[in-house]
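**Student:**
Numbering (my numbering), first residue to last: 743 to 852.
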């Protein structure tokens, strides 16, 4: 699974660099068969806004990744914590989290 993510990340680096990476594209690409459910969760959590911050400031980006993941986010994505607002990397981490725990980490459920 980790190798699959690495290949997807590498293959999309050019697209991301060109700014063509929309939240929808990120979700569809990374979640595959679960993309419909993932879109539902992202819409509920952030209204599909990669720059969203929860009122208390503890949840960030498209999938509202919580501050408790500050150290695991860079380990999983290879990106700094500041990239939590990037639609692709937020979705990449959300997919990893989903693979670990299903939809349980999110308040919003599909």
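Just so it is clear, CB atoms sit at the ideal spot from N, CA and C, and this is done for glycine as well.
Does the segment 794-802 come close enough to the segment 770-783 to have 3 or more Cβ pairs within less than 8 Å?
**Tutor:** Contact fails: fewer than three Cβ-Cβ distances are below 8 Å.
**Student:** Can you tell me whether residue 828 is buried or exposed, with buried defined as 16 or more other CB within 10 angstroms of its CB?
**Tutor:** buried
**Student:** Taking 8 Å as the cut-off, does the segment 786-793 touch the segment 812-820 (at least 3 CB pairs, one atom from each stretch)?
**Tutor:** The segment 812-820 vs the segment 786-793: no contact.
**Student:** Considering just the uninterrupted stretch of the alpha helix (DSSP H) at residue 831, what are its terminal residues?
**Tutor:** For residue 831, the uninterrupted alpha helix (DSSP H) segment begins and ends at 829-843.
**Student:** With H, G and I counted as helix, E and B as strand and the rest as coil, what does DSSP make of residue 809?
**Tutor:** For residue 809, the three-state secondary structure derived from DSSP is helix.
**Student:** Can you give the beta carbon distance from residue 763 to residue 830, rounded, assuming they're within the 8 Å contact cut?
**Tutor:** Indeed they touch by this definition, with Cβ atoms about 5 Å apart.
**Student:** Along the chain, where does the alpha helix (DSSP H) that runs through residue 786 open and close?
**Tutor:** 777-788
**Student:** Residue range of the alpha helix (DSSP H) that residue 792 falls in?
**Tutor:** No residue range can be given for residue 792, since it is assigned to no alpha helix (DSSP H) and is classified by DSSP as neither H nor E.
**Student:** Exposed or buried, what is residue 765 when buried is set at 16 or more other beta-carbons lying within 10 Å of its beta-carbon?
**Tutor:** Of the other Cβ atoms in all chains shown, 16 or more fall within 10 Å of the Cβ of residue 765; this residue is therefore buried.
**Student:** Can you tell me whether residue 842 is buried or exposed, with buried defined as 16 or more other CB within 10 angstroms of its CB?
**Tutor:** Residue 842 should be labelled exposed.
**Student:** Can you give me the start and stop residues for the alpha helix (DSSP H) that residue 772 sits inside?
**Tutor:** 765-773
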